[in-house]
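Novice: The structure's right below; bear with me while I get my questions together.
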Amino acid sequence: MAVLNKIRQRSVFLIVIIALALFSFVLADVIRNGGMVSQKSQNVIATINGEDIEREQFARQVEAYQRNLGPNATTSQAVNMVWDMNVRQAVLEQQFEELGIRVEEAQVKELLRREMGSNPNFTNEAGMFDENKLREYVATLKSTSPQAYQQWLDYEASVGKSAREEIYFNLIKAGVGATLAEGKLAYKFANDNVDMEFVNIPYTTVPDSEVEVSKSDIKKYIEENAERFKTEASRDIQYVHYTEVASVEDEAEVKAEIGALLNDKVEYNSVTKSNDTIAGFGATKDLESFVNENSDIKYQDRFVFKNNLPKEHADALFNLNEGETYGPYKDAGAWKMSRAVAVKQIPDSAKARHILVAFQGSPVGQGTTRSKAEAKKLADSISSVVKSDNEKFAELASEFSADGSNKEQAGELGWFTPGTMVPAFNDFVFTNNAGTVGVVETQFGYHVIDIQEQTEKEKAIKLATVSRAIEPSEKTMNNLFADVTKFELAARDGDFASLAKENNKEVKPVKEIQELDENIPGIGAQRNIVQWAFNEDTEVGDIKRFEVRDGYVVAQVTAANKKGTKSVEAASSTVIPILQKQKKAEIIKSKISGNDLQAIA
1 MAVLNKIRQR SVFLIVIIAL ALFSFVLADV IRNGGMVSQK SQNVIATING EDIEREQFAR
61 QVEAYQRNLG PNATTSQAVN MVWDMNVRQA VLEQQFEELG IRVEEAQVKE LLRREMGSNP
121 NFTNEAGMFD ENKLREYVAT LKSTSPQAYQ QWLDYEASVG KSAREEIYFN LIKAGVGATL
181 AEGKLAYKFA NDNVDMEFVN IPYTTVPDSE VEVSKSDIKK YIEENAERFK TEASRDIQYV
241 HYTEVASVED EAEVKAEIGA LLNDKVEYNS VTKSNDTIAG FGATKDLESF VNENSDIKYQ
301 DRFVFKNNLP KEHADALFNL NEGETYGPYK DAGAWKMSRA VAVKQIPDSA KARHILVAFQ
361 GSPVGQGTTR SKAEAKKLAD SISSVVKSDN EKFAELASEF SADGSNKEQA GELGWFTPGT
421 MVPAFNDFVF TNNAGTVGVV ETQFGYHVID IQEQTEKEKA IKLATVSRAI EPSEKTMNNL
481 FADVTKFELA ARDGDFASLA KENNKEVKPV KEIQELDENI PGIGAQRNIV QWAFNEDTEV
541 GDIKRFEVRD GYVVAQVTAA NKKGTKSVEA ASSTVIPILQ KQKKAEIIKS KISGNDLQAI
601 A
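1 is the number of the first residue of the sequence shown in the UniProt record's numbering; add one for each residue after it.
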């Protein structure tokens, strides 16, 4: 109870803690430039609650987070996440110490038992968690892979940390819960009723023209409510966006290139000193190689149904006979040409199960010493057993399958459509009938497949398609760059908005960009624009061109707002409606006379 009372007494402080945990800012420049904060040490980039954050440690954490987030994550995103983590950890650690929150080794072991209890690698024959197996696993890591062992130690530490956090937040929940008096008051609010009559006189009964809000009124309101209008330093900008778009000529050129692939062509062979005839798309015997050599999209060896084809061209494509071609046709920002490879009747979905027999070197073959030949022999043997007694499939899947996602569910894959599985697996399931059992090799190993059910068969077509994206040519890109540069230079000496209108460009204003922001509405993550806007050498009115993902942006700084209280101009849009309502309320009250609601109405 002493801890709970302490939490209640410090509820305001808890709010500050939570706010601090949510606060984040970008330190990418700190990492690159060696620090803004650190006068006492070149290696310290920040101090949180007296704890120094070293630049090298922070950079390692950022690098690790970027790897975890994937290639699409920006440095700023990783920096923000790592900074949040460090702030949160420092604040919570201080609270843990003050409140005496500890997690004993036995508690950590119990948590690990819960986490690992469902892992079949750490269970005994009875399906119960076996601590000895976990100890053996950790000992093996320690002796064979220092890196993996360190990862385990980090994981173990994170489990303990999570446990302390859980205790802490449970204490907060208990400490800030409702009191008995609050419960009684809530009951009264819910159950004590009164009968009343009232008259509603809306603000709209007073025209806006009858109330005047002056700058001095706005200024006075801001001063009286200063906390509400406190603001961080920010910048206002406006920009125009020049996008890279293919010209009519570019589109026609791509179409002509696709069309030229249809027919045979003659090329001079410098080795044989004679002309060679190269088979075109309409005559080639090796469609897969032809498509892969000439198309932006690789050959897709699968059957599709009519509803999977581009709607505008579905009828023409679906009615092709084997060997016939269609196109060029425009679809999804590309010019395409298709040739029918095969037409057949197949089910639109099937239900199957499998047993995956892995071998040494296969993607799921870690820990197995089985050779490829041994795996094939085992798969054939399993297939023979299943063919003679299908009831044994579940037992065999549990014993031999390397597919951990479903081996304990009898290898069940459920229902799936053509193209869902890898090609060899897909072809077996959709070209054979329900009830067929067989062995198929894929990059994962040998699959013993049992086709359980199929829907009714219907027409499907396999197409070979050559596709070329419609993209701006080098000439178009050069023209765009020239237009952007011309606008940038003219805008430095002229009116930004007027020039944009002359060039048929929309000016997009962005208000109150803060120094730590990364995204610009309309163009996404553009940290370089934010950094430029806050650069000490950048002044209001300055203009600069930036290269973005799909073209160029020409931006202008329109306002530099200092940290502090919002200006009258910046707060007007918020304050004017409030003051209008206050003034209208005074007018309405002045018109009310008497004590009779009917008379007032």
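Using N, Cα and C, we set each Cβ at its ideal position, and we do this for glycine too. From a predicted model like this one, the values you see are computed outputs, not experimental measurements.
(1) Is the CB of residue 437 under 9 Å away from at least one CB in chain D?
(2) Can you check whether the CB of residue 244 is closer than 9 Å to the CB of residue 550?
(3) Give me whichever residues DSSP pairs with residue 453 in a beta bridge.
(4) Could you check whether the segment 77-90 touches the segment 44-59, counting it as contact only if at least three pairs of C-beta atoms, one from each stretch, sit closer than 8 Å?
(5) Straight-line CA distance for residue 485 to residue 475?
(6) Pairing CB atoms from the segment 335-344 with CB atoms from the segment 457-465, are three or more of them under 8 Å?
(7) List the endpoints of the continuous alpha helix (DSSP H) containing residue 140.
(8) Per DSSP, which one or two residues make a beta bridge with residue 211?
(9) Quick one: using the 10 Å Cβ neighbour count with 16 as the cut-off for buried, is residue 465 buried or exposed?
(10) Among 340, 434 and 69, which has the Cα closest to the Cα of residue 285?
(11) Are the segment 417-432 and the segment 294-306 in contact at 8 Å, needing three or more beta carbon pairs?
(12) Does residue 427 come out as helix, strand or coil in the three-state DSSP assignment?
(13) Within a Cβ cutoff of 8 Å, which residues of the same chain sit near residue 238, ignoring the five residues on either side of it in sequence?
(14) Have a look at 215, 141, 195 and 247 and flag the residue whose alpha-carbon is nearest the alpha-carbon of residue 472.
(15) For residue 117, which residues from the same chain have a beta carbon less than 7 Å from its beta carbon, with the 5 sequence-adjacent residues on both sides left out?
(16) Tell me which residue opens and which closes the alpha helix (DSSP H) that residue 299 is part of.
(17) Which residue from 164, 145 and 72 puts its Cα closest to that of residue 94?
(18) Alpha carbon to alpha carbon, how far is residue 503 from residue 494? Give it in angstroms, no decimals.
(19) Excluding the 5 residues preceding and the 5 following residue 500 in the sequence, name in chain order all residues of the same chain whose CB lies nearer than 6 Å to its CB.
(20) Tell me the rounded alpha-carbon separation between residue 573 and residue 236.
(21) With a threshold of 16 other CB atoms inside 10 Å of the CB of residue 221, please say whether the residue is buried or exposed.
(22) Fully enclosed by the segment 519-571, which beta strand (DSSP E) runs are 3 residues long or longer?
(23) Check for me: the alpha helix (DSSP H) holding residue 65 runs from which residue to which?
(24) Which whole-angstrom value describes the C-beta separation of residue 232 and residue 531, a residue pair presumed to lie in contact below a C-beta threshold of 8 Å?
(25) Just reading off the alpha helix (DSSP H) that residue 396 is part of, what are its end residues?
(26) Within the same chain, show all residues whose beta-carbon is closer than 8 Å to that of residue 113, passing over the 5 residues directly before and after it, in chain order.
(27) So the alpha helix (DSSP H) residue 327 belongs to, where does it begin and stop?
(28) So the beta strand (DSSP E) residue 416 belongs to, where does it begin and stop?
(29) What's the C-alpha gap between residue 354 and residue 421?
Specialist: Based on what the coordinates show:
(1) The structure shown contains no chain D; it is built from a single protein chain.
(2) Closer than 9 Å, so yes.
(3) In DSSP, residue 453 forms a bridge with 351.
(4) Yes, the segment 77-90 touches the segment 44-59.
(5) A straight-line Cα-Cα distance of about 15 Å links residue 485 and residue 475.
(6) With a cut-off of 8 Å, the segment 457-465 and the segment 335-344 count as touching, because enough Cβ pairs lie within range.
(7) Run containing residue 140: 131-144, per the alpha helix (DSSP H) assignment.
(8) Answer is none; residue 211 lacks a bridge partner.
(9) Within a 10 Å sphere around the beta-carbon of residue 465 sit 16 or more other beta-carbons, which makes this residue buried.
(10) With distances taken between Cα atoms, residue 285 lies closest to 340.
(11) Flag = yes, the segment 417-432 and the segment 294-306 touch.
(12) Here residue 427 sits in helix by DSSP.
(13) Close CB contacts of residue 238 within its chain, under the 8 Å cut and outside five residues either way in sequence, are with 496, 497, 507, 508, 509, 510, 555, 556 and 558 (chain order).
(14) Closest option to residue 472, Cα to Cα, is 247.
(15) Contacts found: 129.
(16) Counted as a single uninterrupted DSSP element, the stretch harbouring residue 299 is not any alpha helix (DSSP H), since DSSP gives it neither H nor E.
(17) Shortest Cα-Cα distance from residue 94 to any of 164, 145 and 72 involves 164.
(18) Answer to the nearest angstrom: the Cα atoms are 13 Å apart.
(19) Result list for residue 500: 240 and 507, in chain order.
(20) Annotation: residue 573 to residue 236 spans about 16 Å, alpha carbon to alpha carbon.
(21) With 16 or more other Cβ atoms within 10 Å, it is buried.
(22) For the segment 519-571, the full-length beta strand (DSSP E) segments reaching 3 residues or more read 543-548 and 551-561 along the chain.
(23) It spans 55-69 - the alpha helix (DSSP H) in which residue 65 sits, taken as one unbroken run.
(24) Residue 232 to residue 531, Cβ: 16 Å. No contact.
(25) Per DSSP, the unbroken alpha helix (DSSP H) holding residue 396 starts and ends at 393-400.
(26) Closer than 8 Å at Cβ, skipping near neighbours: 129 and 131.
(27) Segment 325-331 is the beta strand (DSSP E) holding residue 327; no alpha helix (DSSP H) there.
(28) Unbroken beta strand (DSSP E) run through residue 416: 412-416.
(29) Taking the straight line joining both Cα atoms gives about 12 Å.
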